[in-house]
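Number of protein chains: 2
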Amino acid sequence: MVTAKRWVLVKQFVGKPKESDFCLEEETLPDEVNDGEVLCEAIYLSVDPYVRFLSSVMMKPGDTLVGEQIARVINSKNPKYEVGDVIRLSSGWRTHTLVTDMSQIDVMPVLGDLPVSLPLGAAGVTGLTALFGLNDKLKPVEGETVLVNSAAGAVGSVVGQIAKMKGCTVIGFAGTDDKVQWLTELGFDHAFNYKKVDVDEALSMAAPNGVHCYFDNVGGYLSTQTLPHIHRNGRVLIVGSISTYNDIGKSTGPYPFEDILKKCMTVNGFSIYDMYPKWRDGEAQLVDWIQQGKLQHRETITEGFDLMPNAFMGLFEGTCTGKALVKA
Amino acid sequence: MVTAKRWVLVKQFVGKPKESDFCLEEETLPDEVNDGEVLCEAIYLSVDPYVRFLSSVMMKPGDTLVGEQIARVINSKNPKYEVGDVIRLSSGWRTHTLVTDMSQIDVMPVLGDLPVSLPLGAAGVTGLTALFGLNDKLKPVEGETVLVNSAAGAVGSVVGQIAKMKGCTVIGFAGTDDKVQWLTELGFDHAFNYKKVDVDEALSMAAPNGVHCYFDNVGGYLSTQTLPHIHRNGRVLIVGSISTYNDIGKSTGPYPFEDILKKCMTVNGFSIYDMYPKWRDGEAQLVDWIQQGKLQHRETITEGFDLMPNAFMGLFEGTCTGKALVKA
Numbered sequence: 001m002v003t004a005k006r007w008v009l010v011k012q013f014v015g016k017p018k019e020s021d022f023c024l025e026e027e028t029l030p031d032e033v034n035d036g037e038v039l040c041e042a043i044y045l046s047v048d049p050y051v052r053f054l055s056s057v058m059m060k061p062g063d064t065l066v067g068e069q070i071a072r073v074i075n076s077k078n079p080k081y082e083v084g085d086v087i088r089l090s091s092g093w094r095t096h097t098l099v100t101d102m103s104q105i106d107v108m109p110v111l112g113d114l115p116v117s118l119p120l121g122a123a124g125v126t127g128l129t130a131l132f133g134l135n136d137k138l139k140p141v142e143g144e145t146v147l148v149n150s151a152a153g154a155v156g157s158v159v160g161q162i163a164k165m166k167g168c169t170v171i172g173f174a175g176t177d178d179k180v181q182w183l184t185e186l187g188f189d190h191a192f193n194y195k196k197v198d199v200d201e202a203l204s205m206a207a208p209n210g211v212h213c214y215f216d217n218v219g220g221y222l223s224t225q226t227l228p229h230i231h232r233n234g235r236v237l238i239v240g241s242i243s244t245y246n247d248i249g250k251s252t253g254p255y256p257f258e259d260i261l262k263k264c265m266t267v268n269g270f271s272i273y274d275m276y277p278k279w280r281d282g283e284a285q286l287v288d289w290i291q292q293g294k295l296q297h298r299e300t301i302t303e304g305f306d307l308m309p310n311a312f313m314g315l316f317e318g319t320c321t322g323k324a325l326v327k328a
Numbered sequence: 329m330v331t332a333k334r335w336v337l338v339k340q341f342v343g344k345p346k347e348s349d350f351c352l353e354e355e356t357l358p359d360e361v362n363d364g365e366v367l368c369e370a371i372y373l374s375v376d377p378y379v380r381f382l383s384s385v386m387m388k389p390g391d392t393l394v395g396e397q398i399a400r401v402i403n404s405k406n407p408k409y410e411v412g413d414v415i416r417l418s419s420g421w422r423t424h425t426l427v428t429d430m431s432q433i434d435v436m437p438v439l440g441d442l443p444v445s446l447p448l449g450a451a452g453v454t455g456l457t458a459l460f461g462l463n464d465k466l467k468p469v470e471g472e473t474v475l476v477n478s479a480a481g482a483v484g485s486v487v488g489q490i491a492k493m494k495g496c497t498v499i500g501f502a503g504t505d506d507k508v509q510w511l512t513e514l515g516f517d518h519a520f521n522y523k524k525v526d527v528d529e530a531l532s533m534a535a536p537n538g539v540h541c542y543f544d545n546v547g548g549y550l551s552t553q554t555l556p557h558i559h560r561n562g563r564v565l566i567v568g569s570i571s572t573y574n575d576i577g578k579s580t581g582p583y584p585f586e587d588i589l590k591k592c593m594t595v596n597g598f599s600i601y602d603m604y605p606k607w608r609d610g611e612a613q614l615v616d617w618i619q620q621g622k623l624q625h626r627e628t629i630t631e632g633f634d635l636m637p638n639a640f641m642g643l644f645e646g647t648c649t650g651k652a653l654v655k656a
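Here the protein sequences line up with chains P and R, keeping their order. For the first sequence, the numbering used here gives the first residue as 1, with consecutive numbering after it. For the second sequence, the numbering used here gives the first residue as 329, with consecutive numbering after it.
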């Protein structure tokens, strides 16, 4: 028998996620599997801010927390999978999974020598979010100014590098000096620690003619400060709103509607799941850039499945650079 | 000699426009005109909320207030215009204008028996704003639900009627029971006095499956209440924000960014001036609908040029239905 651990949501989050919202449970899975089934063991697990945003939609108390993982097949009676295969799986925060519904398994990109963790990040959903959000929605052209916040995060760091490849002036906001240093190394034209600068002054300096494309992962007050700097007919893509996910009640700020009107902006809310038909091509593109050294990536890896809630709570403290992962 | 009156901006508005912000001045124009010039006398003048919104951009103290008028030619040495011709003119709040720059004159649509005031409203800029905002930007299709606020206004009343022609379910918010009654007569499926109903409850009832297209003239708190009712992938067009134009400082409310993200909305700010190449065709369409009885319109006419500031200030008190005009 295999003892599987899983993290269960105890109750819906109120405010910041806290330890008592999570419960580690054990369950016994059979060693043997039935025809068509696969048993696998987690290697890397993804922790993502969207889980907080959509927690009440995606989970109810008692459910396993949602998320992707990279896992190794340890038993198989499915001709498509052999013991030792490494797969990508949407089975949530669990160490072992008996896969009976093969739609839980997502095709892995061809990685060559690249780390197997990449399909959870720069060659997975966060990389795709950056790629398609920028190229298919914001559509910056050479010479335009692109602003991204949470810029040292899994999505933002890829956004900035792709925008540089397209010949844009790239501005990034991050929350620590080390992150800002990394953005500079990545080739960002302007990188700021938003906690230390006057955002309005920084944007007046870095984008004197306005921001054409604003890739927003943060929302809230940072967006309030940014919108007056958007160029006429500028494009805004709202991909996340991490600054307000943990609000109890709704936090408030100046209405943005007059800004949107005055500049004739286009503001879109974005879900990467609407781009699903293009994922395979996008992942191949991302892998290619990484192999060629054109796209850098970082991972912040927490060691130990038992620390998954801590890794998740850390997302809201700004403690990680690049993709946040847990090594089981 | 002709004595012309004009309304001058004394100082930039702070908060609600008030009488002391305006000054009535007189100036003397020559009876005779030079070659190429036209002298004309106002018949109807337009008062519009955008003048408050863009006052600091469009005017400085001492300037004549901006706006369109319908005028009669009283002298001409321009072969294109004869005495008695009725023209549409962008010369601001003035009784008489010596036109030396012919680009101030805008072509009139062919009106037949329709009133000459119409090219300031339902067959002019406000009608075009409704037509192009709805058809070119929001693009509702048959069976979708369209919401418009300030629905008994010059723009909103046309939006709702065109949306009905397209086979949509139409919801309108207005601020008096008389206006709501008119919306019902116009064929709106649901019309509410937003001051008397719970907006959230009203929308839950009228749009149980969500609003596909939201034509927003009001902004502020009414938009805050509306956004949670937008359908997934719904479209929002911000055409005005009259509820916040007179704010001193920026009024605040819940950040809308999470709503936009959650529903993957598209929010656009709209300027009718970006559609200028299509204006002539649009006016012909509007005139045709009015002549066929398919498009109803109302005007709230204030008698007397000296009352222009009062008519303008009335815009922010909700005292007018349809297009607000002054008869000189």
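We put the beta carbon where it would ideally sit given N, CA and C, even for glycine.
Measure how close the beta-carbons of residue i and residue j come, nearest whole angstrom, since I'm counting them as under 8 Å.
i                        : j                            : result
proline 309 of chain P   : phenylalanine 22 of chain P  : 4 Å
leucine 237 of chain P   : phenylalanine 270 of chain P : 5 Å
threonine 552 of chain R : asparagine 268 of chain P    : Threonine 552 of chain R to asparagine 268 of chain P, Cβ: 19 Å. No contact.
glycine 121 of chain P   : tryptophan 93 of chain P     : Glycine 121 of chain P to tryptophan 93 of chain P, Cβ: 17 Å. No contact.
Which chain R residues sit within Cβ distance under 8 Å of residue i?
i                         : result
asparagine 220 of chain P : The sequence as given places glycine at residue 220 of chain P; asparagine does not occur at that position. Result: Tyr583 and Phe585.
serine 241 of chain P     : Tyr583, Phe585, Glu586 and Leu589
serine 223 of chain P     : Tyr583 and Phe585
threonine 244 of chain P  : Tyr583, Phe585 and Glu586
Measuring alpha carbon to alpha carbon, tell me which of the options ends up nearest residue i.
i                         : options                                   : result
proline 443 of chain R    : R/Gly632, R/Ala639 and R/Ile618           : R/Ile618
threonine 321 of chain P  : P/Met313, P/Phe312, P/Gln69 and P/Thr300  : P/Thr300
isoleucine 490 of chain R : R/Lys467, R/Gln509 and R/Ser445           : R/Lys467
methionine 386 of chain R : R/Val546, R/Asn403, R/Ser419 and R/Ile398 : R/Ser419
alanine 71 of chain P     : P/His96, P/Lys60 and P/Ile242             : P/His96
valine 401 of chain R     : R/Val498, R/Ile433, R/Ser384 and R/Pro389 : R/Ile433
methionine 1 of chain P   : P/Asn75, P/Lys323 and P/Lys278            : P/Asn75
For residue i, name the three-state secondary structure that DSSP assigns.
i                            : result
alanine 191 of chain P       : strand
tyrosine 604 of chain R      : helix
histidine 540 of chain R     : strand
tyrosine 372 of chain R      : strand
aspartate 434 of chain R     : strand
aspartate 163 of chain P     : Looking at the sequence provided, one finds alanine at residue 163 of chain P rather than aspartate. Of the three classes helix, strand and coil, the one that applies to alanine 163 of chain P here is helix, per DSSP.
threonine 244 of chain P     : coil
valine 483 of chain R        : coil
tryptophan 510 of chain R    : helix
asparagine 638 of chain R    : helix
phenylalanine 341 of chain R : coil
threonine 425 of chain R     : strand
serine 5 of chain P          : The sequence shown places lysine at residue 5 of chain P, rather than the serine named in the question. Strand.
alanine 652 of chain R       : strand
proline 556 of chain R       : helix
asparagine 34 of chain P     : coil
asparagine 545 of chain R    : coil
asparagine 149 of chain P    : strand
glutamine 285 of chain P     : helix
alanine 399 of chain R       : strand
glycine 461 of chain R       : helix
glycine 92 of chain P        : coil
What I want to know is whether the C-beta of residue i ends up closer than 7 Å to one or more non-hydrogen atoms of the ligand MN.
i                        : result
histidine 231 of chain P : Among the ligands in the structure shown, none appear at all, so the ligand MN cannot be discussed.
Which residues in chain P sit within 9 Å of residue i, going by Cβ to Cβ distance?
i                            : result
aspartate 602 of chain R     : Asn233 and Cys264
phenylalanine 598 of chain R : Leu261 and Cys264
Run down chain R in chain order and give the residues with a C-beta less than 7 Å from the C-beta of residue i.
i                            : result
valine 267 of chain P        : Ile588 and Val595
isoleucine 171 of chain P    : Chain R residues near isoleucine 171 of chain P: none, gap ~19 Å exceeds 7 Å.
phenylalanine 316 of chain P : What phenylalanine 316 of chain P touches in chain R: nothing, since even the nearest Cβ is about 15 Å away.
isoleucine 238 of chain P    : Phe585, Ile588 and Leu589
threonine 97 of chain P      : Here the premise fails: no neighbours, minimum Cβ distance about 29 Å.
What does residue i touch in chain P if you count any residue whose Cβ is under 7 Å from its own?
i                     : result
lysine 467 of chain R : The premise fails here: lysine 467 of chain R is roughly 14 Å from chain P at the closest Cβ pair, so nothing lies under 7 Å.
Which bits of chain P does residue i rub up against, with CB to CB less than 8 Å?
i                     : result
lysine 578 of chain R : Pro254 and Tyr255
key: the segment 159 to 167 of chain P touching the segment 258 to 266 of chain P, judged by at least three CB pairs closer than 8 Å   = no
request  = Kindly confirm or deny that the segment 30 to 45 of chain P and the segment 69 to 87 of chain P touch, where touching means at least three C-beta pairs closer than 8 Å.
outcome  = yes
request  = Report yes or no: do the segment 167 to 181 of chain P and the segment 338 to 353 of chain R share at least 3 C-beta pairs separated by less than 8 Å?
outcome  = no
query = Touch check for the segment 104 to 113 of chain P and the segment 175 to 191 of chain P: three-plus C-beta pairs under 8 Å?
reply = no
query = So, do the segment 313 to 320 of chain P and the segment 23 to 35 of chain P have three or more beta carbon pairs nearer to each other than 8 Å?
reply = no
request  = Decide yes or no for the touch test of the segment 539 to 558 of chain R against the segment 468 to 480 of chain R: beta carbon pairs closer than 8 Å, at least 3 of them.
outcome  = yes
request  = Please confirm if the segment 248 to 260 of chain P is in contact with the segment 573 to 589 of chain R, defined as three or more CB-CB distances below 8 Å between the two stretches.
outcome  = yes
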